[in-house]
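Enquirer:
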Amino acid sequence: MESCKLEEPIMLLDPETEFLASKEETGNEWELFKENVRPLKRGRNVRLLNHALKSHSHSQLKNSLLHHRRRLIEAIDEYAGDDPLQPWIECIKWVQEAFPPGGDCSGLVVIYEQCVRTFWHEDRYRDDFRYLKVWLEYAENCLDAEVIYNFLEANKIGVTHAAFYISYALHMEQKNKNRTANEIFNRGLSMKAQPVEKLTAAYKKFLTRSMRQLKATDEDGAENQLPARSFGTVLAKQTRNQAPESSDIFRKKLKPDRAPGSALSIFKDNSSSSLTHHQSEMSKLDLKPWHSLGARAERNKENSAIPSKWTSNKIPHRPGQRIGRPPPGPSIEIFVDEESSEQHKPDNDGEKSSVLQLRPGDDRDIKKETELLKENPLRNFPPSSLPR
Amino acid sequence: MASKTATKDIITLRGSAAIVSEFFGKICYSILYNRGVYPEESFARVKKYGLPMLLTQDEGVKSFISNLTSQLSEWLENGKLQRIVLVIMSKATGEVLERWNFSIETDSEVVEKGISREKSDKEIMREIQAIMRQIASSITYLPCLDEPCVFDVLAYTDKDCAVPFTWIESDPKLIANPQMVKLHSFDTKIHKVDTLVSYKNDEWDEP
């Protein structure tokens, strides 16, 4: 532990004074590599962040990260206590922090999906806020989270929490379905979702925005001239899968939030420029909301044939951009090098419900699975569990 | 008497106190803007310290901060200011969410003897800029403040300092089990300011 300079040895210092007085430095990797860091709503542990960023150039650190991750996954398998969700949460939290860029290769989406699928039928976690949060984070990573919200509501998961309705309503708002969003807020209020103050505050803000939107004409928005400071609002809006506000619809909104579109390009991994990938890229950028949730069979097709009307909104491919992009983080390389050569577990393929699938034995599998999940988050769920 | 070279400027106690208190005023604005304590629309752009800065147009905040900086200046000139903390709290619950901690070391020789020191103004400016940039970049790790917040300023002074009548004595408003990050410091050779931000540890199960 660091040594502290104390004037009076017996005096108990508050942690900040102690830290300030200590020789311990905070590394500045977080500042140097801030572009590689996906902000987390809950904040990050800076020590872990710096460590993770340093591993960029430090093979020993890389190894220790991989090792830690393996141990956390093993802990999930080996857990024998009363709260099997807990080791999942630990694992998720750690992976979020240890792989700052996030991205398809961190395996996060796969972990989210496996976690939620493991417990979706369990009554005991139905109202557990931690469990709901995993679902919500999963939703944030998917192209169209609406199916998830529908699923949750139909299966009565998380419906006692304000956060559920807020996330759901905001998502619909971003799809420009304000009436639906309004209904969702009202459902939450009538359910007396907790904490009520949070729900009412969010609802009020939504109403204000909706009013402004109705009144807005060609407001240029003086706020557009101010530098983007939108961290708070941007995160609350689950930027990753948002359509860019290059459309007029979005420009009318006076929210001072910034470029989800640019967030897209920053965080997108250098996945192979496969056709499916391009299609998913296109549908991501497409502005038309999905009209038919009912076409579940259609959506469940592996090679999701995209309905023809979408092609009328084709956004030009930017293959140059795809190919020319350097890998955002070395985490991709690490997995392939380290894990596949070391332990290749025989049950690494096939078993859907096994946690062992998490072992990044094959980096390509993780990326592929992540992409598939993003397009169709409930693809591994039994059809009988899906609403309608 | 020190001679002014091309790269160094003379810093007096008063000058240093002015630099530090002004710095603190601008830092307040920067934090309030970056952390979203006040809406973006209430800020206007001004150029200072070589970086575009944003100052609030809210009169209440403006006068609060300007009174603050003059008081700080006075304390700094007397060498009585030890630390200044900007606290951000939840409006609804009063819970302390973030603390921006600036601890000050004063060269007592200067205070006692009234001598001056030398340092390039430009370099001090650079150091201050580095801190301002770090504050803007801190969104990398700071938790999102997605509820309405209020702020307050705490000053830690020497015990023999009388409490000015616009200030009250207070508890330190600490965060329990904080995460802490040290940022850059700056030094006028008379006052050295170290910066630290502390914030709540994340709670995955807090709705």
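So the sequences go chain by chain: A and B. Here the first sequence is numbered in my numbering, starting from 953 and rising by one per residue. Here the second sequence is numbered in my numbering, starting from 35 and rising by one per residue. Where is the CB? At the ideal position from N, CA and C, for every residue including glycine.
1) Thinking C-beta only, is residue 122 (chain B) closer than 7 Å to residue 129 (chain B)?
2) Establish whether the CB of residue 1041 (chain A) and some CB of chain B are separated by less than 7 Å.
3) Quick one: what does DSSP say residue 91 (chain B) is sitting in, helix, strand or coil?
4) Under a three-way DSSP split, which group does residue 1032 (chain A) fall into?
5) Verify the CB distance criterion: does residue 236 (chain B) have a CB-CB separation below 7 Å to chain A?
6) Check whether the Cβ atoms of residue 1136 (chain A) and residue 1155 (chain A) sit closer than 7 Å, and answer yes or no.
7) I want to verify the contact list: residues of chain A whose CB lies under 7 Å from the CB of residue 168 (chain B), in sequence order.
8) Alpha carbon to alpha carbon, how far is residue 116 (chain B) from residue 1015 (chain A)? Give it in angstroms, no decimals.
9) If you reduce the DSSP assignment to three classes, tell me which class residue 108 (chain B) lands in.
10) Do residue 217 (chain B) and residue 173 (chain B) have their beta-carbon atoms positioned less than 7 Å apart in this structure?
11) Which same chain residues end up closer than 6 Å to residue 981 (chain A) when comparing Cβ atoms and leaving out the 5 residues on each side of it in sequence?
12) Name the chain A residues whose beta carbon is nearer than 8 Å to that of residue 174 (chain B)?
13) Any idea what DSSP makes of residue 1021 (chain A), helix, strand or coil?
14) Measuring straight from C-alpha to C-alpha, what distance separates residue 196 (chain B) and residue 225 (chain B)?
15) Pick out the complete beta strand (DSSP E) segments inside the region 122-152 of chain B, 3 residues or longer, and give them in chain order.
16) Give me whichever residues DSSP pairs with residue 77 (chain B) in a beta bridge.
17) Is the region 1031-1038 of chain A close to the region 202-220 of chain B, with three or more CB pairs under 8 Å?
18) Specify, as a first and last residue, the run of the beta strand (DSSP E) that residue 227 (chain B) falls within.
19) Does the region 136-143 of chain B come close enough to the region 204-216 of chain B that 3 or more CB-CB pairs lie under 8 Å?
20) Name, please, each residue of chain B whose Cβ falls closer than 7 Å to the Cβ of residue 978 (chain A).
21) Using DSSP's beta-bridge definition, name the partner residues of residue 191 (chain B).
22) Measuring only the C-alpha atoms, how far is residue 1090 (chain A) from residue 1134 (chain A)?
23) Going by DSSP in three states, residue 257 (chain B) sits in which element: helix, strand or coil?
24) What residues in its chain sit with their C-beta under 8 Å from that of residue 96 (chain B), if we drop five residues either side in the sequence?
25) Helix or strand or just coil, what does DSSP make of residue 985 (chain A)?
26) Which partner residues does residue 184 (chain B) have in the DSSP bridge list?
27) Beta-carbon separation of residue 154 (chain B) and residue 46 (chain B) under 7 Å?
28) Reducing DSSP to helix, strand and coil, say where residue 216 (chain B) ends up.
29) Could you check which residue in A:1099, A:1152 and A:1051 has the C-alpha nearest to that of residue 1021 (chain A)?
30) I think residue 213 (chain B) touches residue 998 (chain A), with their Cβ atoms under 8 Å apart; what is that distance to the nearest whole Å?
31) Listing by chain order, which chain A residues have their CB less than 7 Å from the CB of residue 126 (chain B)?
Expert: Reading from the atomic positions:
1) No; because the gap between Cβ atoms is not below 7 Å, this pair is not in contact.
2) Yes, its Cβ sits closer than 7 Å to a Cβ of chain B.
3) In the structure shown, the three-state DSSP call for residue 91 (chain B) is coil.
4) Here residue 1032 (chain A) sits in coil by DSSP.
5) Output row for residue 236 (chain B): interface = yes.
6) No, they are not a contact pair.
7) Neighbours of residue 168 (chain B) on chain A, chain order: 983.
8) Rounded to the nearest whole angstrom, the C-alpha separation of residue 1015 (chain A) and residue 116 (chain B) is 44 Å.
9) The answer is helix: DSSP assigns residue 108 (chain B) an H, G or I state.
10) Residue 217 (chain B) sits away from residue 173 (chain B), with the two beta carbons spaced by 7 Å or more.
11) The beta carbon of residue 981 (chain A) sits closer than 6 Å to those of 1002, 1005 and 1006, all from its chain and outside the five residues before and after it, given in chain order.
12) Correct list: 982, 983, 986, 989, 991, 996 and 1001.
13) For residue 1021 (chain A), the three-state secondary structure derived from DSSP is helix.
14) One alpha carbon belongs to residue 196 (chain B), the other to residue 225 (chain B), and they sit about 21 Å apart.
15) Counting only unbroken stretches of 3 or more residues, the beta strand (DSSP E) elements lying wholly within the region 122-152 of chain B are 130-140, in sequence order.
16) In the DSSP output, where bridge partners are listed per residue, residue 77 (chain B) has B:90.
17) Judged by pairs of C-beta atoms under 8 Å, the region 1031-1038 of chain A does not touch the region 202-220 of chain B, as fewer than three such pairs exist.
18) Unbroken beta strand (DSSP E) run through residue 227 (chain B): 225-233.
19) Taking a contact to require three or more Cβ pairs closer than 8 Å, the region 204-216 of chain B and the region 136-143 of chain B do not qualify as touching.
20) Ordered by position in chain B, the residues that pass the 7 Å Cβ test against residue 978 (chain A) are 215 and 216.
21) B:115.
22) For residue 1090 (chain A) and residue 1134 (chain A), the distance between alpha carbons rounds to 23 Å.
23) This structure leaves residue 257 (chain B) out entirely; chain B is present only between 35 and 241.
24) So the list reads 89 and 90, once near-sequence residues are dropped.
25) In this structure, residue 985 (chain A) counts as coil in the three-state DSSP scheme.
26) Beta bridge pairing from DSSP links residue 184 (chain B) with B:123.
27) One thing to note: residue 154 (chain B) has its Cβ no nearer than 7 Å to the Cβ of residue 46 (chain B).
28) In the structure shown, the three-state DSSP call for residue 216 (chain B) is strand.
29) If we check each option's Cα against that of residue 1021 (chain A), A:1051 comes out closest.
30) With a Cβ gap of about 7 Å, residue 213 (chain B) and residue 998 (chain A) count as contacting.
31) Listed along chain A are 1149, each with a C-beta nearer than 7 Å to that of residue 126 (chain B).
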